[in-house]
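S.K.:
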Amino acid sequence: MNRKWLFWIPVLLWMGIIFYSSAQPYKKQDMRSDIEQSANVEFVKEHFSGVSIDYGGGTPVSIANKGVGGFIEFFLRKGAHFTVFFILGSLTYYAFYKSGYSRKRCFIYALLFVAGYAIFDEIHQGLTGGRTPMWQDSLLDTCGGLTGIIISNWFWHRKRS
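Sequential numbering from 7 applies to the sequence shown in the working numbering.
#1: How would you label His163, buried or exposed, when you count the other beta carbons within 10 angstroms and need 16 or more for buried?
#2: Mind reading off the beta-carbon distance from Tyr13 to Ser158? Whole number of angstroms is fine, and I expect it under 8 Å.
#3: Quickly, what does DSSP pair Val120 with across the bridge? List them, please.
#4: Grab the span of the alpha helix (DSSP H) containing Tyr100 for me, first residue to last.
#5: Around the C-beta of Glu52, are 16 or more other C-beta atoms found within 10 angstroms, so that it is buried, or is it exposed?
#6: Tell me which residues share the same chain as Arg38 and place their Cβ nearer than 6 Å to its Cβ, disregarding the 5 neighbours each side in the sequence.
#7: Examine the Cβ distances between the stretch 86-103 and the stretch 142-160 and report whether three or more of them are shorter than 8 Å.
#8: Which same chain residues, not among the five before or five after Ile156, have their C-beta less than 7 Å away from its C-beta?
#9: Let me know the secondary structure DSSP gives Ser58 once reduced to three states.
#10: Please name the residue in Ala45, Gly73, Gly63 whose C-alpha comes closest to that of Val57.
#11: By the 10 Å Cβ neighbour count, where 16 or more other Cβ atoms means buried, how is Glu48 classified, buried or exposed?
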C-alpha cells in the first residue's frame with residue numbers, strides 16, 4: 007500500500023490550525039492588556055520610543071500611536087505570521103519530498119502552495135469580523151514559508167557524513 011499520502015496529514019492539520027486562528031475575531035486575540043501588565047513598560051518606552059514602522063500604509067506602528075502593549079503585540083503577531091508559515095513551508099516541502107518529487111519540484115511546488123495559502127488566509131481574515139486583510143501579511147507569511155522550505159531543502163538533501 008502506498009503511504010505517501012500520510013505525509014500530507016501534518017500539512018492538512020497545520021492548515022486547519024491556521025484557518026481556525028484566522029477565523030478568530032481580533033477581540034478574542036487581543037493581548038495588549040496582558041502585555042502591558044507583564045512587560046517592563048518603562049524599559050520599552052526608554053529604548054523603543056523612537057521606533058516607528060510604516061506597515062500597511064495606515065498609522066505608523068509606534069509606542070506613541072499604539073501604546074506599549076500595541077507596539078509589542080504588533081511584533082508578536084508578525085513573528086507568529088512568519089513562524090506558522092515557516093512550519094507550513096517545512097511540512098509542505100517534506101510532504102512533496104516524501105511523495106517522490108525532485109528537489110527542484112519540491113521547492114517550487116512547496117513555495118507555490120505556501121504562497122497560495124498565505125493569500126487564502128488573508129482573504130479568509132477579510133471575511134472574519136474585526137480582522138483586516140493585508141497583502142503585507144501574505145508577503146510576510148510567504149517569506150516565513152520560504153525560509154522553512156530553504157531550511158528543509160538543505161536538511162533533507164545535505165550530504166550525510
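Just so you know, even glycine gets a beta-carbon here, dropped at the ideal spot from N, CA and C.
Note that the structure is predicted; figures quoted are calculated from it, not measured.
M.R.: Concretely, from the data shown:
#1: Position 157 of the sequence shown, counted from the start, is the residue given in the question as residue 163. Exposed, because fewer than 16 other Cβ atoms sit within 10 Å of the Cβ of His163.
#2: For this step, residue 13 is matched to residue 7 along the sequence shown. For this step, residue 158 is matched to residue 152 along the sequence shown. Looking at the sequence itself, residue 13 is Phe, so the reference to Tyr does not match. Not really, about 12 Å apart at Cβ, beyond 8 Å.
#3: What you label residue 120 is simply residue 114 of the sequence shown in a count that begins at 1. Note: Val120 sits in no beta bridge, so no partner.
#4: Counted from its first residue, the sequence shown places residue 100 at position 94. 69-104 is the extent of the alpha helix (DSSP H) around Tyr100.
#5: Residue mapping note: residue 52 aligns to position 46 of the sequence shown, counting from 1. When all chains shown are included, Glu52 counts as exposed.
#6: Working through the sequence shown from its first residue, we reach residue 38 at position 32. Contacts found: Gly75, Gly76, Glu79.
#7: The answer is yes - the stretch 142-160 touches the stretch 86-103, with three or more Cβ pairs under 8 Å.
#8: The count along the sequence shown starts at 1 and reaches residue 156 at position 150. Once the five neighbours on either side are set aside, Ile156 has no close Cβ partner at all.
#9: Residue mapping note: residue 58 aligns to position 52 of the sequence shown, counting from 1. In the structure shown, Ser58 sits in a strand (DSSP, three-state: E or B).
#10: Translated into the one-based positions of the sequence shown, residue 57 becomes position 51. Nearest C-alpha to Val57 among Ala45, Gly73, Gly63: Gly73.
#11: Within the sequence shown, the letter at position 42 stands for residue 48. Here Glu48 is exposed: its Cβ has fewer than 16 other Cβ atoms, across all protein chains shown, within 10 Å.
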